[in-house]
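A.B. asks: Residues in the sequence shown are numbered consecutively from 222, following the numbering used here.
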Amino acid sequence: MMNSQEARLRNDLAAAFRWTARLGLHEATANHFSVALDENGGRFLMNPNMAHFSQIKARDLLLLNSAAKEAPRGPDAPDRTAWELHSFLHRNIPRAQCILHTHMPYATAWSCLEDPEILPICQNSARFYGNVAYDNTYGGMFVDSEEPARVAELLDDKDVLLLGGHGVLVVGLSVAHAFDTLYHLERACMNLVLAHSTGKQVKRLSHEVAAKTARQWREYQGFSEGHFRALVSILDKEDPGYRLQPAVAA
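1. Under 7 Å, do residue 267 and residue 250 count as touching if we go by C-beta distance?
2. DSSP on residue 342, reduced to helix/strand/coil?
3. Thinking C-alpha only, which one of 231, 263, 282, 301 is nearest residue 288?
4. Taking the CB atoms as reference points, tell me whether residue 504 and residue 354 lie closer together than 7 Å.
5. In this structure, does DSSP put residue 325 in helix, strand or coil?
6. Please classify residue 281: does DSSP put it in a helix, a strand, or coil?
7. For the beta strand (DSSP E) containing residue 255, list its first residue and its last residue.
8. Below 8 Å CB to CB, which residues in the same chain sit around residue 373 once its five sequence neighbours on both sides are set aside?
9. Output the distance between the C-alpha atoms of residue 438 and residue 389, rounded to the nearest integer angstrom.
10. In angstroms, rounded to a whole number, what distance separates the CA positions of residue 344 and residue 411?
11. Only counting the same chain, and skipping five residues up and downstream in sequence, which positions put a Cβ closer than 8 Å to that of residue 230?
12. Is DSSP giving residue 267 helix, strand or coil here?
13. Where in the region 351 to 418 do unbroken runs of the beta strand (DSSP E), each at least 3 residues long, occur, reported from the N-terminal end onward?
14. Please tell me whether residue 279 and residue 235 are closer than 7 Å, where the distance is taken between their beta carbons.
15. Taking the straight line between their C-alpha atoms, what separation do you get for residue 434 and residue 407?
16. Which word fits residue 325, buried or exposed, when buried means at least 16 other C-beta atoms lie within 10 angstroms of its C-beta?
17. Reducing DSSP to helix, strand and coil, say where residue 232 ends up.
18. Going by Cα to Cα distance, which pick from 293, 275, 274, 276 is closest to residue 283?
19. State yes or no: is the C-beta of residue 224 within less than 7 Å of the C-beta of residue 464?
20. Rounded to whole angstroms, how far is the Cβ of residue 349 from the Cβ of residue 339, which I believe are closer than 8 Å?
See below:
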């Protein structure tokens, strides 16, 4: 029987899917989220193949084994590229408890620049100062079996990997942390795009101020969790059907 931890993580990840759709940060049925059920990433939850984010329910999430020798099969099995990438990261990077991959518009647009550095021009973008890795060698979809290891090496100790011409990959210790990072990354890229679209000189924050702001974000106790719980509360009132019923979570 499902334990309370799995039920909680199912509800949280389902809420993240729903809010990603509400905010227009998804790409049809192409993107994938996952969350580990244990500290070593041995078992994890992921969205089924071709499921629209706006319709995903907690009970729909697939329970997968990252050490499986073969990719899952069946009509709901995750896309092969998503399986290879997420299973590898969960298996090899324990801190990547939650992994979110989207093609959200502003971050993807920024990733298309010749120099896609997330510049510290405001409080939102300074949050990511020193915490973004960059993949500037896009060569097509993630169908190469070597891609997961390459992505993991690029990610290193960062929480964000900006995939040139592709989108973003965000990792976090919890669904709340990863989702809050994803949300503010898109806002940061929106600020960057809008500021540069004016055609005027954009003022960059100094290294000292950017580093200080990034540290303050990291030390802001409870912010990510508080943001996510507020979103969950709204969803519980407006569309509670996404979550497991209490009896199932016993």
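Using N, Cα and C, we set each Cβ at its ideal position, and we do this for glycine too.
C.D. replies: Short version:
1. Looking up residue 267 in the sequence shown gives position 46. Looking up residue 250 in the sequence shown gives position 29. In this structure, residue 250 does not lie closer than 7 Å to residue 267 by Cβ.
2. Within the sequence shown, residue 342 is the residue found at index 121, counting from 1. When secondary structure is reduced to three states using DSSP, residue 342 falls in the coil class, being assigned neither helix nor strand.
3. For the purposes of this step, residue 288 is taken as residue 67 along the sequence shown, with counting starting at 1. Across the set 231, 263, 282, 301, the C-alpha of 263 shows the shortest separation from the C-alpha of residue 288.
4. Nothing about residue 504 can be reported from this structure: the residues present for the chain run from 222 to 471 only.
5. Along the sequence shown, one-based indexing puts residue 325 at 104. Of the three classes helix, strand and coil, the one that applies to residue 325 here is coil, per DSSP.
6. Numbered from 1 along the sequence shown, position 60 holds the residue referred to as residue 281. Here residue 281 sits in helix by DSSP.
7. Here the question's residue 255 lines up with position 34 in the sequence shown. Judged by DSSP secondary structure, residue 255 falls within the beta strand (DSSP E) whose first and last residues are 253 to 257.
8. Numbered from its first residue, the sequence shown carries residue 373 at position 152. The residues are 309, 310, 313, 314.
9. As a first step, residue 438 is located in the sequence shown; it is residue number 217 there, counting from the start. As a first step, residue 389 is located in the sequence shown; it is residue number 168 there, counting from the start. Taking the Cα positions, residue 438 is about 20 Å away from residue 389.
10. Working through the sequence shown from its first residue, we reach residue 344 at position 123. Working through the sequence shown from its first residue, we reach residue 411 at position 190. Distance between the alpha carbons of residue 344 and residue 411: 13 Å.
11. If you number the sequence shown from 1, residue 230 lands on position 9. Closer than 8 Å at the Cβ level, and outside the excluded window around residue 230, lie 256, 258, 266, 396.
12. Residue 267 sits at position 46 when you count from the first residue of the sequence shown. Residue state, collapsed to three classes: strand.
13. The DSSP assignment places 353 to 356, 381 to 384, 388 to 393 as complete runs of the beta strand (DSSP E) inside the region 351 to 418, in order along the chain (cut-off: 3 residues).
14. For this step, residue 279 is matched to residue 58 along the sequence shown. For this step, residue 235 is matched to residue 14 along the sequence shown. Here residue 279 is near residue 235, since their CB atoms are less than 7 Å apart.
15. In the sequence shown, the residue the question calls residue 434 occupies position 213. In the sequence shown, the residue the question calls residue 407 occupies position 186. About 18 Å.
16. Taking the sequence shown and counting its residues from 1, the one referred to as residue 325 is at position 104. Buried is the call here.
17. In the sequence shown, the residue the question calls residue 232 occupies position 11. Correct three-state label for residue 232: helix.
18. Taking the sequence shown and counting its residues from 1, the one referred to as residue 283 is at position 62. Of the candidates 293, 275, 274, 276, the one whose C-alpha sits nearest the C-alpha of residue 283 is 293.
19. Here residue 224 refers to the residue found at position 3 when the sequence shown is read from its first residue. Here residue 464 refers to the residue found at position 243 when the sequence shown is read from its first residue. In this structure, residue 464 does not lie closer than 7 Å to residue 224 by Cβ.
20. Along the sequence shown, read from residue 1 onward, the residue named residue 349 stands at position 128. Along the sequence shown, read from residue 1 onward, the residue named residue 339 stands at position 118. Between residue 339 and residue 349 the Cβ distance is about 5 Å, and since that is below 8 Å, they are a contact.
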